[in-house]
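Chains as they are written, first to last, in numbering that gives the first Met the number 0: chain A, 0 to 172; chain B, 0 to 172.
There are 2 protein chains.
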Amino acid sequence: MPGAAATDLNIVRKCGYPGAMDELDSEIIRHLQLDARQTNRELARRVGIAPSTCLERVRSLQQRGVIRGYHAAIDPAALNRRVEAFIATRVRPLSRAVIEAFRAQVVAYPEVLGVFVVAGDDDFLVHVAVRDLDHLHGFLIDRLSQRKEVVSFRSLVVYQSGRKEVLDRLPDA
Amino acid sequence: MPGAAATDLNIVRKCGYPGAMDELDSEIIRHLQLDARQTNRELARRVGIAPSTCLERVRSLQQRGVIRGYHAAIDPAALNRRVEAFIATRVRPLSRAVIEAFRAQVVAYPEVLGVFVVAGDDDFLVHVAVRDLDHLHGFLIDRLSQRKEVVSFRSLVVYQSGRKEVLDRLPDA
DNA sequence: ATTGAAATCCACTTGTA
DNA sequence: TACAAGTGGATTTCAAT
Chain A
0 MPGAAATDLN
10 IVRKCGYPGA
20 MDELDSEIIR
30 HLQLDARQTN
40 RELARRVGIA
50 PSTCLERVRS
60 LQQRGVIRGY
70 HAAIDPAALN
80 RRVEAFIATR
90 VRPLSRAVIE
100 AFRAQVVAYP
110 EVLGVFVVAG
120 DDDFLVHVAV
130 RDLDHLHGFL
140 IDRLSQRKEV
150 VSFRSLVVYQ
160 SGRKEVLDRL
170 PDA
Chain B
0 MPGAAATDLN
10 IVRKCGYPGA
20 MDELDSEIIR
30 HLQLDARQTN
40 RELARRVGIA
50 PSTCLERVRS
60 LQQRGVIRGY
70 HAAIDPAALN
80 RRVEAFIATR
90 VRPLSRAVIE
100 AFRAQVVAYP
110 EVLGVFVVAG
120 DDDFLVHVAV
130 RDLDHLHGFL
140 IDRLSQRKEV
150 VSFRSLVVYQ
160 SGRKEVLDRL
170 PDA
């Protein structure tokens, strides 16, 4: 069926995502970002479709990888993490092997929230949340400085942070 | 009852969080970070308590603000956001009013994932996710450069990112 | 504070348009 | 693909320890 195949490809090209992502999917995603634990009935009512239809949509979104998971957001203070920082880090040599090893091993440290490989003067941005400033210092000298590939770093301690919980789909144009 | 008050204060000081956070709470939180949509029965079975007890613990954690919410994680590509970057930004004057206005208004831009007020050479780290490099450029010149308080910025485009989904509680010692 | 049972509500499946 | 109904199962409440 070449006609159908062409249509599918057009949809993929237009939306930039296989499986189509219409307005209904976007609405479902928006509501699940806001509250992932609401019942399927609530969700269906809010987006204006039947519960069974809604359930099918959600399962499709999960299977397509659009929905990657459902996570509880925890107060950092309850996890004993009152100090948050980004650590801009430079490593040498800048080879694929070094970058990959650094990324994988650093993200495994319990203090680390995430590791970003970035373009610019710095090679990495390491996002950490630790108990206090003493423990940040401890992380820097006991973990980061111990690594042979690290040539320099500087800390950007976070005084305030404003994160967005619900992200809308950006327009194609 | 001064004895009880002293005990409560000791608990607060020791755990760093009012309401106590024992091992059971930590286990519940760990499982809910991994999968926020699992049923209460599953969760209860995994931590080894009765479903009704588990429900009570979860509700207490919510009421105490330890659990802040449940959010679905969405593939950025499905949201038409294939380019991610941090933008280190400097503003002047560095007054409380300017900082607060910048933070509140910039986080409201649809491209922005989060805004961090940081210590160091840069005043802010603006985390964005946009359609492509052209749109990143567009954000920089149409949004950021338009703001009177912005004196300079530099982009750190993210090539790879590794984020942690489950955060453990750090030890008190 | 934790538990077990009862009642209500929801998810999942099947059938149909 | 979307909807409607029925069944099995889960959530929630409540009484008791």
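Glycine is no exception: its CB is placed at the ideal position from the N, C-alpha and C atoms.
- In the three-state reduction of the DSSP assignment, S25 (chain A) falls in the helix class.
- When secondary structure is reduced to three states using DSSP, T88 (chain A) falls in the strand class.
- Along the segment 36-67 of chain B, going in chain order, the ones with a CB nearer than 9 angstroms to a CB of chain A are R36, Q37, L60, R63, G64, V65, I66 and R67.
- In the structure shown, Q37 (chain A) adopts coil according to DSSP, grouped into three states.
- The beta-carbon of E110 (chain A) is placed less than 9 angstroms from the nearest beta-carbon of chain B.
- Residue state for G64 (chain B) is assigned as coil, using DSSP reduced to three classes.
- Rounded to the nearest angstrom, the gap between the Cα atoms of V105 (chain A) and I48 (chain A) is 45 angstroms.
- The C-beta distance from D74 (chain B) to R36 (chain A) rounds to 20 angstroms, too long to fall under 8 angstroms, and the pair is not in contact.
- For V97 (chain A), the enclosing alpha helix (DSSP H) stretches over residues R95 to V106.
- Sequence-distant Cβ neighbours of A87 (chain A) in its own chain, meaning closer than 7 angstroms and more than five residues away, are D121, L124, F152, R153 and L155.
- Three or more pairs of CB atoms, one per stretch, sit closer than 8 angstroms, so the segment 107-119 of chain B contacts the segment 155-170 of chain A.
- In the DSSP assignment, L155 (chain A) falls within the unbroken beta strand (DSSP E) covering V149 to R162.
- With 16 or more other Cβ atoms inside 10 Å of its own Cβ, N79 (chain B) counts as buried.
- Between A71 (chain B) and Q32 (chain A), the CB-CB gap stays under 9 angstroms.
- With respect to R29 (chain A), V165 (chain A) sits close: the two C-beta atoms are nearer than 9 angstroms.
- Beta-bridge pairing by DSSP links I48 (chain B) to no other residue.
- Assignment of V114 (chain A) by DSSP, reduced to helix, strand and coil, places it in the strand class.
- Taking 9 angstroms as the threshold, the shortest C-beta distance from S144 (chain A) to chain B does not fall below it.
- Within a 10 Å sphere around the beta-carbon of A84 (chain A) sit 16 or more other beta-carbons, which makes this residue buried.
- Not a single C-beta of chain A is nearer than 9 angstroms to the C-beta of R89 (chain B).
- Nearest CB-CB separation between E164 (chain B) and chain A: below the 9 angstroms threshold.
- Taking C-beta atoms as the reference points, H126 (chain B) and L112 (chain B) count as a pair closer than 9 angstroms.
- Within 10 angstroms of the beta-carbon of R58 (chain A) lie fewer than 16 other beta-carbons, which makes it exposed.
- Excluding residues up to 5 positions away in sequence, V150 lie with their Cβ nearer than 6 angstroms to the Cβ of R91 (chain A) in the same chain.
- Cβ atoms of Y69 (chain A) and Y69 (chain B) come within 8 angstroms of each other, at about 6 angstroms.
- Look at A71 (chain B) here: in three-state DSSP terms it is strand.
- Against chain A, the beta carbon of S160 (chain B) has neighbours under 8 angstroms at G113, V114, F115 and V116, listed in chain order.
- For E110 (chain A), same chain residues with a beta-carbon under 6 angstroms away, outside a window of 5 residues either side, are V127, V129 and F138 in chain order.
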